[in-house]
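A.B. asks: Residue numbers (the numbering used here), protein chains in the order written: chain A, 90 to 337; chain B, 90 to 337.
1) From residue 114/A to residue 303/B, what distance separates their C-alpha atoms?
2) Below 8 Å on the Cβ atoms is my contact criterion, and I expect residue 275/B with residue 234/A to pass it. Report the Cβ-Cβ distance as a whole number of Å.
3) Please state whether the Cβ-Cβ distance between residue 315/A and residue 322/A is less than 7 Å.
4) Within the same chain, show all residues whose beta-carbon is closer than 6 Å to that of residue 325/B, passing over the 5 residues directly before and after it, in chain order.
5) Kindly indicate the opening and closing residues of the alpha helix (DSSP H) around residue 277/A.
6) Of all the CB atoms in chain A, is at least one closer than 7 Å to the CB of residue 190/B?
7) Considering just the uninterrupted stretch of the alpha helix (DSSP H) at residue 102/A, what are its terminal residues?
8) By DSSP's criteria, residue 92/A is part of a beta bridge. Which residues make up the other side?
9) Using alpha carbons as the reference points, say which of 208/B, 284/B, 319/B and 117/B lies closest to residue 147/B.
10) Using a Cβ-Cβ cut-off of 8 Å (strictly less than) and excluding sequence neighbours within five positions of residue 128/B, which residues of its own chain qualify?
11) List the residues of chain A whose Cβ lies closer than 9 Å to the Cβ of residue 243/B, in chain order.
12) Which residues in chain B sit within 8 Å of residue 251/A, going by Cβ to Cβ distance?
13) Would DSSP call residue 212/B helix, strand or coil?
14) Taking only runs of the beta strand (DSSP E) that begin and end inside the stretch 181 to 228 of chain B, which ones reach a length of at least 3 residues, in chain order?
15) Using a Cβ cut-off of 9 Å, pull out every chain B residue sitting near residue 323/A, in sequence order please.
16) Quick one: is residue 292/A near chain B, going by C-beta distance under 7 Å?
17) Would you mind sorting residue 90/B into buried or exposed? The rule is 16 or more other CB atoms within 10 Å of its CB.
18) Closest to residue 271/A by C-alpha separation, out of 336/B, 208/B and 106/B, would be which residue?
19) Buried or exposed: residue 142/A, going by 16 or more other Cβ atoms within 10 Å of its Cβ?
20) Within the continuous alpha helix (DSSP H) that includes residue 158/A, where are the two ends?
21) If we call anything under 7 Å between Cβ atoms a contact, is residue 226/A one with residue 100/A?
22) Run the CB neighbour count on residue 336/B, radius 10 Å, all protein chains shown included, and call it buried at 16 or more, exposed below.
23) Say whether chain B places a C-beta atom closer than 7 Å to the C-beta of residue 208/A.
24) Taking all protein chains shown into account, do 16 or more other C-beta atoms lie within 10 angstroms of the C-beta of residue 256/B, making it buried, or fewer, making it exposed?
25) Which residues does DSSP pair with residue 147/B in a beta bridge?
26) Of all the options 308/A, 232/A, 193/A and 295/A, which has the alpha carbon lying nearest to the alpha carbon of residue 251/A?
27) Measure the CB-CB distance between residue 175/A and residue 307/B and report whether it falls below 7 Å.
28) Does residue 303/B come within less than 7 Å of chain A when only Cβ atoms are used?
29) Are residue 149/A and residue 97/A closer than 7 Å when you measure CB to CB?
30) Any C-beta of chain A within less than 8 Å: which residues of the stretch 153 to 185 of chain B qualify?
31) Quick check: what's the CA-CA separation for residue 204/B versus residue 284/B?
32) As a quick exercise: from 106/B, 171/B, 145/B and 239/B, pick the residue whose alpha carbon is nearest that of residue 130/B.
33) Name the chain A residues that come within less than 9 Å of residue 132/B, Cβ to Cβ?
34) Excluding the 5 residues flanking residue 133/B on each side, which residues of the same chain have their C-beta closer than 6 Å to its C-beta?
35) For residue 339/A, would you say it is in contact with chain B, using Cβ-to-Cβ distances shorter than 7 Å as the test?
36) Between which residues of its own chain and residue 286/B is the CB-CB distance below 7 Å, once the five residues before and five after are set aside?
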């Protein structure tokens, strides 16, 4: 039984609490959450100094607060992890053993998740702790990857591009079709297939469209249709990058 | 029984042939395909003038060839459709009745599809033909939408953004992670969830990430990490658009 406490009640903290709460072989000790609880069986503390004994403490706060929070912990030589894609483990105060437990997924409190598919990027200062992180990942049913800081930063950047930017393209498309009295739902089968495709084909092979075949008439028409200056710029830059990549 | 012939053997023609070939209530008459066949039961012709009697002819060629192909048809007063998102139906020679059968999906010959989920955008010059297009869509198990040209152009643009541009972001991410000896597969659960999310949440609500919370440190770091000039520009423009949208 691994004893875990979670610090923070943002999107990541909220979902890790749910994950640990429902995992056999994990004893969820405490949740440092100043405002939020959703299950009376979870022991919530609202002072860092009130945190009791656990094997692993996971700090789920904004990148710039990791250091401050870790300084305020009143215990030593425990395994303290953060969940950031862009922060080295040595942001954590060295009075404790340090490591990273970065779940490569998008979390919103209002959206349930199948936790078993989340890749966990693990890193630790000490080799023994890495073994503990592997066991912890297995116990919650996730797949772990040993990832160093350079790799993790790149994964985080790639996650921004594949998730945040993609989602933004969805919201932009929604805006465009709704302005013509069309329901965004009409685009959903296409969006679904866009992702199904890359489970079968390399995205380089799956690329289609006017930029892929360098159809300048359509590209000009589309840029004219977009009234917003930034939307025009966005269309232009991605099209140019596709043209450059495929060498038409 | 509706008699259909298909003209063209690109990605759309290829998949429409498969769709009609496997649909009850459709008699697939002929396929104008100069190079390709995959089933001996399909009658292929390689001269437009050899096309025989059908109720509906569907032209699946590049936008700029629609007009030329329709001029070369040797029959009159038949229902002739094209499948383009960006072309008015009057690109088709008016010696025949004219309309549009635009499947809002991404097609690659090497990727099988579940045809039942494809939205078909239909339009016709004549009201009676619209009824025939509705029946045709129903017979192949697809959902139809009556869409005028203005709407269809916007749907096509939105399809480019949600499919082509999104897929390009996937290929860019693949390139970035592979340069750090990581497998693109590690990003796939995130990509899958990005799309699952918009089936539950509005994409505006699903938006997360550094630009959403206006975290300038991370955004600067990411732009530094991207060595390619266009990649930097792409990161910057999308981030600025997200910041502008959410008003941080």
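C-beta atoms are modelled at their ideal positions from N, C-alpha and C, and glycine is treated no differently.
Keep in mind the model is a prediction, meaning the values are calculated, not measured.
C.D. replies: Let's see:
1) Along the first chain, one-based indexing puts residue 114/A at 25. Along the second chain, one-based indexing puts residue 303/B at 214. Approximately 38 Å, taken between the alpha carbons.
2) Reading the second chain from its first residue, position 186 is the one you call residue 275/B. Reading the first chain from its first residue, position 145 is the one you call residue 234/A. With a Cβ gap of about 6 Å, residue 275/B and residue 234/A count as contacting.
3) Here the question's residue 315/A lines up with position 226 in the first chain. Here the question's residue 322/A lines up with position 233 in the first chain. No, they are not a contact pair.
4) Counting from 1 along the second chain, the entry for residue 325/B is found at position 236. Once the five neighbours on either side are set aside, residue 325/B has no close Cβ partner at all.
5) Reading the first chain from its first residue, position 188 is the one you call residue 277/A. Counting along the chain, the alpha helix (DSSP H) containing residue 277/A begins and ends at 277 to 287.
6) As a first step, residue 190/B must be located in the second chain, where it is residue number 101. No, its Cβ sits nowhere closer than 7 Å to a Cβ of chain A.
7) Taking the first chain and counting its residues from 1, one reaches residue 102/A at position 13. It spans 100 to 110 - the alpha helix (DSSP H) in which residue 102/A sits, taken as one unbroken run.
8) Translated into positions along the first chain, residue 92/A becomes position 3. DSSP, once it has assigned bridges, lists 116/A as partnering residue 92/A.
9) Sequence index remark: in the second chain, residue 147/B carries index 58 (1-based). Of the listed residues, the one whose Cα sits closest to residue 147/B is 117/B.
10) For this step, residue 128/B is matched to residue 39 along the second chain. Counting only Cβ-Cβ distances below 8 Å, and skipping sequence neighbours, we find 110.
11) Against the second chain, residue 243/B aligns to sequence position 154. Here the neighbours are 265, 266, 268, 269, 271 and 314.
12) By 1-based counting over the first chain, the position of residue 251/A is 162. Those are 258, 259, 262, 276, 279, 280 and 283, listed as they occur along chain B.
13) Counted from its first residue, the second chain places residue 212/B at position 123. Looking at residue 212/B - three-state DSSP - the assignment turns out to be strand.
14) 186 to 192 and 208 to 213
15) As a position in the first chain, residue 323/A is number 234, starting the count at 1. Here the neighbours are 250, 254, 323, 326, 327 and 330.
16) As a working note, residue 292/A is residue 203 in the first chain. Interface residue, yes.
17) Taking the first residue of the second chain as 1, we reach residue 90/B at position 1. So residue 90/B ends up on the exposed side.
18) As a first step, residue 271/A must be located in the first chain, where it is residue number 182. Among 336/B, 208/B and 106/B, the Cα nearest to that of residue 271/A is on 208/B.
19) Taking the first chain and counting its residues from 1, one reaches residue 142/A at position 53. By the neighbour-count rule (16 or more Cβ atoms within 10 Å), residue 142/A is not buried but exposed.
20) Position 69 of the first chain, counted from the first residue, corresponds to residue 158/A. Where residue 158/A is concerned, the enclosing alpha helix (DSSP H) stretches over 155 to 161.
21) Here residue 226/A refers to the residue found at position 137 of the first chain. Here residue 100/A refers to the residue found at position 11 of the first chain. No, the pair does not count as a contact, with Cβ atoms beyond the cut-off.
22) Sequence index remark: in the second chain, residue 336/B carries index 247 (1-based). The residue is exposed, with fewer than 16 neighbouring Cβ atoms inside 10 Å.
23) Position 119 of the first chain, counting from 1, holds the residue named residue 208/A. By this cut-off, residue 208/A is an interface position.
24) In the second chain, the residue the question calls residue 256/B occupies position 167. Buried.
25) Within the second chain, the letter at position 58 stands for residue 147/B. Per DSSP, 95/B and 170/B.
26) To locate residue 251/A, count along the first chain from 1; it is residue 162. Ranking 308/A, 232/A, 193/A and 295/A by Cα distance to residue 251/A puts 193/A first.
27) Stepping through the first chain from its first residue, residue 175/A is reached at position 86. Stepping through the second chain from its first residue, residue 307/B is reached at position 218. Against a cut-off of 7 Å, the Cβ pair of residue 307/B and residue 175/A comes out as a contact.
28) Residue 303/B sits at position 214 when you count from the first residue of the second chain. Not one chain A Cβ lies under 7 Å of residue 303/B.
29) For this step, residue 149/A is matched to residue 60 along the first chain. For this step, residue 97/A is matched to residue 8 along the first chain. Contact flag set, yes.
30) 153 and 175
31) Numbered from 1 along the second chain, position 115 holds the residue referred to as residue 204/B. Numbered from 1 along the second chain, position 195 holds the residue referred to as residue 284/B. Taking the straight line from one Cα to the other gives about 19 Å.
32) Start at 1 with the first residue of the second chain, and residue 130/B comes out as number 41. Ranking 106/B, 171/B, 145/B and 239/B by Cα distance to residue 130/B puts 106/B first.
33) Sequence index remark: in the second chain, residue 132/B carries index 43 (1-based). In chain order: nothing, as chain A lies at least about 28 Å away.
34) Walking along the second chain from the start, residue 133/B turns up at place 44. The residues are 120, 122 and 126.
35) Since the first residue of chain A shown is 90 and the last is 337, residue 339/A is not available in this structure.
36) Your numbering for residue 286/B matches position 197 in the second chain. Excluding positions up to five away in sequence, the list reads 295.
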